[in-house]
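Asks: Take the position in the sequence shown, starting the count at 1, then add 305; the result is the number in the working numbering.
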Amino acid sequence: MNAAKTLLGTVIGTLLLFGPSQAMAVTTLKLSHNHNRDHAVHQAMSDMAKEVREKTSGEVVIRIYPDAQLGSQRESMELMQNGALDMVKSNAAELESFGAAYSVFNLPYLFRDKEHLFKVEEGDIGREILNSTKGSGFVGLTYYDAGARSLYAKKPITSPSDLKGMKIRVQPSPSAIAMVKALGGNPTPLAYGELYTALQQGVVDAAENNIPSFSLSRHSEVAKFFSLDEHTMVPDVLVVSTKTLDKLTPEQQQVLYKAAANSSELMKKLWIQSEEKERAVAEKAGVIFSNVDKAPFVQAVQPIYAEIQKNDPELDVMVERIKNVK
Ligand code: GCU
């Protein structure tokens, strides 16, 4: 009782002393991701944070923790679900274990090109997927361009037969595991932060990622052959806990959604620059990029679609819907 009175007294005192504007409540949102500050997605999200701070007159502040400081993507998702974090920048592969709908983004050679992918992301399907995890305590705010993923190793990979007997690092995603199996390799799920050492020490023989991540994580130091098979275009995804969203006023929520969408547009431009720049950096460090004939890769993954058709009617419907987006 006395403590409550003292607290009330302090609040009234603060209001009298500073007036209502200085005593406004500031909501700080903690955002975790696993890239360093030089990665385009960090820049895009910093821009979003700036917009949110400005448009809410400083009432909502997003504090970004890069470099997996607060844990791997999986750990960050768990922290967010426990209420210790508000937002996580993850990607569709990692999110597959938290929301099955994300798996469509991880199916090889499903999207015809970037335009097709963006249309899906920005249309009904994309929104449905972002909202599909409400029951698990989080929703997606936006997608970020993360280019195409290709294989890289200490030796050139020109066809799926080269993967025979090779241990290929994949993200902890059932679709990524199925893809590498279909291509004939041995999938080894590992967190991103463990991959440099795993490649260096030969725990894995190869990995797959987009060019900026390959270069900025310095995997280019330990794997000199990058084969442009472009098997998937797995988008990065920014998610927020529903508890956090509920703490914001409707106006603040709107500002957050809009700033996230703007940062996603910005990311498309940053991505193109970053891909060019990081390819040049890697080439200078001795990496050989080679175009490969994609046909045998496309053919090798067809059993994945046959399997979906047979055993996963829901995913099959989604695959067909995606193919029909023109
Ligand atoms: C990309 C993506 C990350 C992901 C990483 C990975 O770099 O942006 O979110 O963690 O791939 O392969 O683990």
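The beta-carbon is built from N, C-alpha and C at its ideal position, and this holds for glycine as well. Source: prediction; values computed, not measured.
#1: Only counting runs of 4 or more residues, tell me where the alpha helix (DSSP H) segments fall wholly within the region 382–419, in order along the chain.
#2: Nearest-angstrom Cα distance between G452 and L533?
#3: In this structure, how does DSSP classify E568 when only helix, strand and coil are distinguished?
#4: Rounded to a whole number of angstroms, what is the C-alpha to C-alpha distance between S351 and L553?
#5: Measuring only the C-alpha atoms, how far is L412 from A481?
#6: Whole beta strand (DSSP E) runs in the region 547–609 with 3 or more residues, listed along the chain?
#7: Using a threshold of 8 Å, is the CB atom of E570 nearer than that to any non-hydrogen atom of the ligand GCU?
#8: Residues bridged to P494 by DSSP?
#9: Can you pull the DSSP bridge partners for K335?
#10: In three-state terms, what does DSSP make of S455?
#11: Nearest to E513 by CA position, among K355, S455, L400, is which residue?
#12: Does the region 339–359 come close enough to the region 466–476 that 3 or more CB-CB pairs lie under 8 Å?
#13: CB-CB under 6 Å to M623, same chain, minus the five flanking residues each way: which ones, in chain order?
#14: Please list the terminal residues of the continuous beta strand (DSSP E) segment that includes L446.
#15: For the ligand GCU, is there a heavy atom less than 8 Å away from the beta-carbon of Q715?
#16: Quick one: what's got a C-beta closer than 7 Å to E619's C-beta in the same chain, skipping five residues either side?
#17: For K548, count neighbouring Cβ atoms within 10 angstroms of its own Cβ and tell me buried if that reaches 16, exposed if not.
#18: State the DSSP-derived secondary structure class of F323, mapped to helix, strand or coil.
#19: Considering L620, what are the terminal residues of the alpha helix (DSSP H) in which it resides?
#20: Measure how close the beta-carbons of L495 and R523 come, nearest whole angstrom, since I'm counting them as under 8 Å.
#21: Going straight from the alpha carbon of L561 to that of V542, what length do you get?
#22: Cα separation between K615 and E433?
#23: Apart from the five residues on each side of it in sequence, which residues of its chain come closer than 6 Å, Cβ to Cβ, to K360?
#24: According to DSSP, is S464 part of a helix, a strand, or is it coil?
#25: Which word fits T502, buried or exposed, when buried means at least 16 other C-beta atoms lie within 10 angstroms of its C-beta?
#26: CB of A600 to nearest heavy atom of the ligand GCU: below 8 Å?
#27: According to DSSP, is T361 helix, strand or coil?
#28: Would you mind listing the alpha helix (DSSP H) stretches within the region 498–551 that are 4+ residues and don't spill past its ends, in chain order?
#29: Can you tell me whether Y486 is helix, strand or coil according to DSSP?
Replies: Short version:
#1: 397–400
#2: Locating residue 452 in the sequence shown gives position 147, where the first residue counts as 1. Locating residue 533 in the sequence shown gives position 228, where the first residue counts as 1. Each residue's alpha carbon lies about 12 Å from the other.
#3: The residue labelled residue 568 in the question sits at position 263 within the sequence shown. Before going further, note that residue 568 is Ser rather than Glu in the sequence given. Three-state result, S568: helix.
#4: The residue given as residue 351 occupies position 46 in the sequence shown. The residue given as residue 553 occupies position 248 in the sequence shown. For S351 and L553, the distance between alpha carbons rounds to 20 Å.
#5: By one-based count along the sequence shown, residue 412 stands at place 107. By one-based count along the sequence shown, residue 481 stands at place 176. The alpha-carbon atoms of L412 and A481 are separated by roughly 8 Å.
#6: 593–596
#7: Along the sequence shown, read from residue 1 onward, the residue named residue 570 stands at position 265. E570 Cβ: outside cutoff for every heavy atom of the ligand GCU.
#8: Taking the first residue of the sequence shown as position 1, residue 494 is located at position 189. P494 pairs with V475.
#9: Position 30 of the sequence shown, counting from 1, holds the residue named residue 335. According to DSSP, which records beta bridges pairwise, K335 is partnered with R368.
#10: Here residue 455 refers to the residue found at position 150 when the sequence shown is read from its first residue. It is a strand residue.
#11: Start at 1 with the first residue of the sequence shown, and residue 513 comes out as number 208. For the residues K355, S455, L400, the minimum Cα distance to E513 belongs to S455.
#12: no
#13: Numbered from its first residue, the sequence shown carries residue 623 at position 318. Cβ within range, chain order: V409.
#14: Within the sequence shown, residue 446 is the residue found at index 141, counting from 1. That run of the beta strand (DSSP E) goes 443–449.
#15: Beyond the ends of the chain as shown, which are 306 and 631, falls residue 715; an answer cannot be given.
#16: Taking the first residue of the sequence shown as position 1, residue 619 is located at position 314. Counting only Cβ-Cβ distances below 7 Å, and skipping sequence neighbours, we find nothing.
#17: By one-based count along the sequence shown, residue 548 stands at place 243. Its Cβ having fewer than 16 others within 10 Å, K548 is exposed.
#18: In the sequence shown, residue 323 corresponds to position 18, counting from 1. Because F323 sits at a pLDDT of 47, beneath the cut-off of 50, its placement in the model cannot be relied upon, and the following sentence gives the value as read from the coordinates. In the structure shown, F323 sits in a helix (DSSP, three-state: H, G or I).
#19: Position 315 of the sequence shown, counting from 1, holds the residue named residue 620. Per DSSP, L620 belongs to the alpha helix (DSSP H) from 618–628.
#20: Locating residue 495 in the sequence shown gives position 190, where the first residue counts as 1. Locating residue 523 in the sequence shown gives position 218, where the first residue counts as 1. Not quite, the Cβ-Cβ distance comes to about 16 Å (not below 8 Å), so this is no contact.
#21: Here the question's residue 561 lines up with position 256 in the sequence shown. Here the question's residue 542 lines up with position 237 in the sequence shown. Distance between the alpha carbons of L561 and V542: 15 Å.
#22: Counting from one through the sequence shown, the residue named residue 615 turns up at place 310. Counting from one through the sequence shown, the residue named residue 433 turns up at place 128. Roughly 24 Å between the two C-alpha positions.
#23: What you label residue 360 is simply residue 55 of the sequence shown in a count that begins at 1. Same-chain partners within the cutoff: V560.
#24: Along the sequence shown, read from residue 1 onward, the residue named residue 464 stands at position 159. Coil, per DSSP.
#25: Taking the sequence shown and counting its residues from 1, one reaches residue 502 at position 197. T502 should be labelled exposed.
#26: Walking along the sequence shown from the start, residue 600 turns up at place 295. Checking every heavy atom of the ligand GCU against the Cβ of A600, none is found closer than 8 Å.
#27: Taking the sequence shown and counting its residues from 1, one reaches residue 361 at position 56. Of the three classes helix, strand and coil, the one that applies to T361 here is coil, per DSSP.
#28: 500–505, 516–521
#29: Along the sequence shown, read from residue 1 onward, the residue named residue 486 stands at position 181. Sequence check: residue 486 is Lys here, not Tyr. The answer is helix: DSSP assigns K486 an H, G or I state.
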